[in-house]
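Participant:
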Amino acid sequence: MDLTRLLGQIDVPADWVGLRYVDETTTTRWVRDGHPQANDRCRDRGIMVEVLADGQFAYQASSRVDAASVQDAAEKALAMAKAAAPYAIHSFTDSARPAATGSYQSPFEQNESAMNAGDINDWLLKSCELLKVSDKIVSANALARIVQSDHYFVSSNGSHIDQHFLIVTTGSMAVAQDGPVVQTRSDSGMRARSWQIGLESMDEQRMIDDSIRVGEQAVELLSAEECPTDTRDLMLAPDQMMLQIHESVGHPLEIDRILGDERNYAGWSFVRLDDFGKLRYGSDLMNITFDPTVPHEMASYDFDDGGAKAERAFIIKDGILQRGLGGIESQQRSGVPGVADFRASSWNRAPIDRMANLNLEPGESTLDELIGSVEKGVYMEANRSWSIDDYRNKFQFGCEYARLIENGKLTKTVRNPNYRGISSHFWKSLKGVGNADTFEVYGTPNCGKGEPNQVIRVGHASPTCLFENVEVFGGEQ
Amino acid sequence: MEQHFDAVCAALFDALKESESLSISLGGETSQFTRVNGDKVRQTGAVDDISLSLELVADSRRATSSATLTGEREQDTAMVQQELERLRAEAALLPVDPYIVAPAAGETSHSDQSGDLPAAANVVGKLLPALEGVDISGIWASGRIYRANANSAGSRHWFASDSFSLDYSLVNPDEKMVKATYAGSEWNQADYEQSIAASQQKLALLDKPSIQLKPGNYRTYIAPAGVSDLLGMFSWNGLSESAMQTGESAFLKMRNEAVTLSPMFSLSEDFSAGRVPRFNDKAEVSPERIDLIAQGELKTCLVSSRTASEYGVESNNAAEGEYLRSPVMATGDLEEQDVLAALGTGVYLSNLHYLNWSDTHGGRITGMTRYACFWVEQGEIVGPIENMRWDDSFYHFFGEHLEAVTAQSQLNPDVGSYGGRELGGTECPGILLNSFALTL
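Next up, the structure:
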């Protein structure tokens, strides 16, 4: 695909033209209860032609990439831009699409050809077999998804970027049942094990260990007591911190939400534009970074989809809000400092503000120190339920697996653990942050936002964290 | 497009070996999208997107794929023929799948619903003048949506439909909002402007001071848009036979313990309005109506032919994911104009937000109140409430706590567009509850 040549053949009286071509192949293999459920390959490719005219951007996206079709798309986009310009929310210039050149290749050791379809099915079948540790396992699932995504961007003001991502997701899940009691356990929540990595991710020994542990814990939960209903200290594992950061830090700090773009869908934010630089978001222990440079984290990249160079930045430092999660368009509209996170889910959606890698930096406590500091608490792992209000304040999250902490020790397992709180208070109750030994990197391929709707990949990394006086509760009695 | 689909299908069927079978699905759209925020245009553009999906069954093995089409016949034909070869090679590597259902000879159908839609470059000129000075946030989506399917046993279905929707929220200075959707297939400027004016009138109801409720159990009315969200949960670990068999369904108690809901609650999958195709990705055609829950009793689940094969039950030709495609909840006898009086003192909820299972097997769902939600005393609206979290079980709110169902039903169009614009919607009435748990 010679985008530069295509760009050179476009003849429209626009102030700026950009071409963004995406070619993405997703291979999904899923085995349940010893039998294949899906062996699917989806190849999605196309081009977005974007023009700027009279201060207004507009786009025409198409799967046709011949010169005549791209010219036609540019003309249609120009007509839409000119029609919308009198009503533009902001008069943009090509400074919103800075000239940039560069390449990015995600890190991997083994490419997709390291395992064929049969090899991967065998790996998944073995996982299923190991998950079934008991007759009480009524369903065992194993999944592998491999994404090869190639992105190209050129523009009339000199951008020339290509970025290539190999992403592997693996997951296993067991459902255990004993009479009316049913419990589900997975390895870190379904699809949390998503990284920019090669097929070396599909390590057999890790799969064996995890499958047995997941199966055993699903059965263990059947006879566990319900999570108590009271207020106590809450310690969250990194695979639940991922969700906590995502919903109650990431989304409320997206500048386009604060500007109201999402009020009809994803919602607004409890954060205001004048909060940046001064709002106490959490305790002194809270340090949040936007970090697209972490090797293997799911949303690492060098440039966002507007061409902005992606760099690590503190979003919250020592508990104080520093900058927002917004690309250049939002930064120009709001006057708030942001980051390079103007991203689109694919060729057929326009970029918007999307968190990418959003991480909680490690603290200094060992895991034993965190546990030892708790007199009455509960430790929860792996998200299974999430809900938060449209201002990203009142949340309720549920986990798969939990253990009580009593007098400084982890004790009995409890099931159906849930907790609820209010973001603006919750983070101020952060009283312990694990050190680098407790730090784990996860990702999710399923972050939804935007109109038209977009689902995008994000990464979250965190140590184990401790919060005080949180309302916790169990399941339906 | 239809000729293109037929040509590509013919080329693929010609290339099949005798021992192979193939199902082909097409999904596509030609859409214009315009986002608005505060009587301004935030983003505008258009998308032409077509994809073709193949399911090859060979030697008791199944491999599937999908790929974007260009619409150029020679190029697309060559590409899909190459993909068929790849599927053939891959299938040979896969384990035997004992639950494969080969495509069966069946019906053919054809539905092509044309509309009168504004041209892409004219959309802004029709929408924005009426919004001057209005604080609005929303999305316009319009254009043609395609669905088609054919299989090597001879079934063939075609569905195309023109439609538009403006899904929007109006916002007052206190950040209280009302939600509405103006949707159809024949654009009418006067109707559109009337929709905006009606929403502005509703917004005025939110001018009263807000009321902060305490957590607790309240008499509650949930309007059809909120009920639609509740029913939407039944497509996720809900009324799927596969979810039932694998222990993941929230309806296990109804199957295994003969638990029932209120006799006032009935839910069916009803295609009679023709909003969505009755055929699935295997070209199997669903019955026009499937009664899932009748007078509170679970009658059947959504059963795909694959699930039927695996568990030895009868298929009702559900989609492979066994989700609701055209849900219709039965109406009751509470007249809409009597809702406030029947509620008496309690909470009136227009919309719900961000639902999730908080305890799937207990039937418990959590979510938020959103948009125009009011505190009502003695049948009169006192004022809007601050948004509240709720957490309650459908075994309660569609069960013993269900006091009445409205006599009027509303179509809540599906305006979702993940992966492409959706068709259809949920048709349901409002519900009056003698108790609903607000928790935060």
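Protein chains in written order, with the working numbering: chain A, 23 to 499; chain B, -18 to 421. Backbone N, C-alpha and C define an ideal beta-carbon position, used for all residues, glycine too. Here the structure is a predicted model, which means the values were calculated and not measured.
Once DSSP output is grouped into helix, strand and coil, what is the label at valine 44(A)?
Facilitator: Valine 44(A) falls in the strand class under three-state DSSP.
Participant: For serine 117(A), does the three-state DSSP call read helix, strand or coil?
Facilitator: Reduced to three states, the DSSP call for serine 117(A) is helix.
Participant: Identify the contact partners of methionine 102(A) in chain B, using a Cβ-Cβ distance below 9 Å as the criterion.
Facilitator: Result: Gln13, Thr15, Thr25, Gly26, Ala27, Ala101, Ala102, Val104 and Val105.
Participant: So which of Ile32(A), Leu382(A), Gln78(A) and Asn61(A) has the shortest CA-CA distance to leucine 265(A)?
Facilitator: The residue with the shortest Cα to Cα distance from leucine 265(A) is Leu382(A).
Participant: Output the distance between the C-alpha atoms of histidine 138(B) and glycine 456(A), rounded to the nearest integer angstrom.
Facilitator: Taking the straight line joining both Cα atoms gives about 58 Å.
Participant: Count Cβ pairs between the region 148 to 158 of chain A and the region 92 to 103 of chain A that sit closer than 8 Å; are there 3 or more?
Facilitator: These segments do not touch.
Participant: Counting only beta-carbon atoms, is glutamine 185(A) nearer than 8 Å to chain B?
Facilitator: Not an interface residue.
Participant: Around the C-beta of alanine 372(A), are 16 or more other C-beta atoms found within 10 angstroms, so that it is buried, or is it exposed?
Facilitator: By the neighbour-count rule (16 or more Cβ atoms within 10 Å), alanine 372(A) is buried.
Participant: At a CB distance below 7 Å, what residues from the region 98 to 126 of chain A approach chain D? Give them in sequence order.
Facilitator: The question asks about chain D, but that chain is absent: this structure's protein chains are A and B.
Participant: Is the number of C-beta pairs between the region 426 to 442 of chain A and the region 238 to 258 of chain A that are closer than 8 Å three or more?
Facilitator: They touch, by the three-pair rule.
Participant: Closest to proline 485(A) by C-alpha separation, out of Arg167(A), Gln262(A) and Gly443(A), would be which residue?
Facilitator: When each option's Cα is compared against that of proline 485(A), the closest is Gln262(A).
Participant: Establish whether the CB of serine 150(B) and some CB of chain A are separated by less than 8 Å.
Facilitator: Chain A contact via Cβ: present.
Participant: Ends of the alpha helix (DSSP H) at glutamine -16(B)?
Facilitator: Looking at the DSSP string, the run of the alpha helix (DSSP H) that includes glutamine -16(B) is -17 to -4.
Participant: Hey, would you say asparagine 337(B) sits closer than 8 Å to threonine 350(B), going by beta carbons?
Facilitator: Not a contact, by the Cβ cut-off of 8 Å.
Participant: At 8 Å on the CB atoms, spell out the chain B contacts of glycine 470(A), in chain order.
Facilitator: Ordered by position in chain B, the residues that pass the 8 Å Cβ test against glycine 470(A) are Tyr399.
Participant: List the residues of chain B that proline 202(A) touches, going by C-beta distances under 9 Å, in chain order.
Facilitator: The contacting residues are Leu233, Lys234, Asn237, Glu238 and His342.
Participant: So, helix, strand or coil for arginine 125(B), using DSSP?
Facilitator: Strand.
Participant: Measuring only the C-alpha atoms, how far is lysine 21(B) from isoleucine 111(A)?
Facilitator: Rounded to whole angstroms, lysine 21(B) to isoleucine 111(A) spans 5 Å at the Cα level.
Participant: To the nearest angstrom, how far is the alpha carbon of serine 178(A) from that of valine 34(A)?
Facilitator: Distance between the alpha carbons of serine 178(A) and valine 34(A) is about 11 Å.
Participant: The region 458 to 492 of chain A: which residues have C-beta closer than 7 Å to a C-beta of chain B, in chain order?
Facilitator: Those would be Gly470, Glu473, Pro474, Asn475 and Val477, in chain order.
Participant: Quick check: what's the CA-CA separation for methionine 225(B) versus glutamate 303(B)?
Facilitator: Cα to Cα, methionine 225(B) sits roughly 11 Å from glutamate 303(B).
Participant: Just the chain A side, please: which residues come within less than 7 Å of alanine 486(B) by C-beta, in chain order?
Facilitator: No information on residue 486(B) is available, as it lies outside the stretch -18 to 421 that chain B covers here.
Participant: Taking the CB atoms as reference points, tell me whether asparagine 415(B) and glycine 406(B) lie closer together than 8 Å.
Facilitator: No, the pair does not count as a contact, with Cβ atoms beyond the cut-off.
Participant: Under a Cβ-count criterion, where at least 16 other Cβ atoms within 10 Å of its own Cβ denotes burial, should aspartate 88(A) be classed as buried or exposed?
Facilitator: Aspartate 88(A) comes out exposed.
Participant: Are the beta-carbon atoms of valine 358(A) and valine 494(A) separated by less than 8 Å?
Facilitator: No; because the gap between Cβ atoms is not below 8 Å, this pair is not in contact.
Participant: So what's proline 359(A) in DSSP terms, helix, strand or just coil?
Facilitator: The answer is coil: DSSP assigns proline 359(A) none of H, G, I, E or B.
Participant: Which same chain residues end up closer than 7 Å to glutamate 222(A) when comparing Cβ atoms and leaving out the 5 residues on each side of it in sequence?
Facilitator: Result list for glutamate 222(A): Glu131 and Gln132, in chain order.
Participant: Taking the alpha helix (DSSP H) that threonine 288(B) belongs to, which residues open and close that run?
Facilitator: Counting along the chain, the alpha helix (DSSP H) containing threonine 288(B) begins and ends at 286 to 292.
Participant: Could you tell me the boundaries of the alpha helix (DSSP H) in which threonine 58(B) lies?
Facilitator: Residues 54 to 72.
Participant: Please state the DSSP three-state secondary structure of methionine 320(A).
Facilitator: Here methionine 320(A) sits in coil by DSSP.
Participant: Check whether chain B comes within 8 Å of histidine 57(A), counting only Cβ atoms and requiring the distance to be less than that.
Facilitator: Interface residue, yes.
Participant: Strictly under 8 Å for the Cβ-Cβ distance: is alanine 80(A) near chain B by that measure?
Facilitator: So yes, alanine 80(A) belongs to the interface.
Participant: Which of helix, strand or coil does DSSP assign to valine 104(B)?
Facilitator: Looking at valine 104(B) - three-state DSSP - the assignment turns out to be helix.
Participant: Mapping the DSSP letters down to three states, classify tryptophan 290(A) as helix, strand or coil.
Facilitator: Residue state, collapsed to three classes: coil.
Participant: Give me the Cα-Cα distance between tyrosine 399(B) and glycine 213(B), rounded to the nearest whole angstrom.
Facilitator: Tyrosine 399(B) and glycine 213(B): Cα-Cα distance of roughly 16 Å.
Participant: Count the other CB atoms, across all protein chains shown, that sit within 10 Å of the CB of glutamate 66(B); report buried if there are 16 or more and exposed otherwise.
Facilitator: So glutamate 66(B) counts as exposed.
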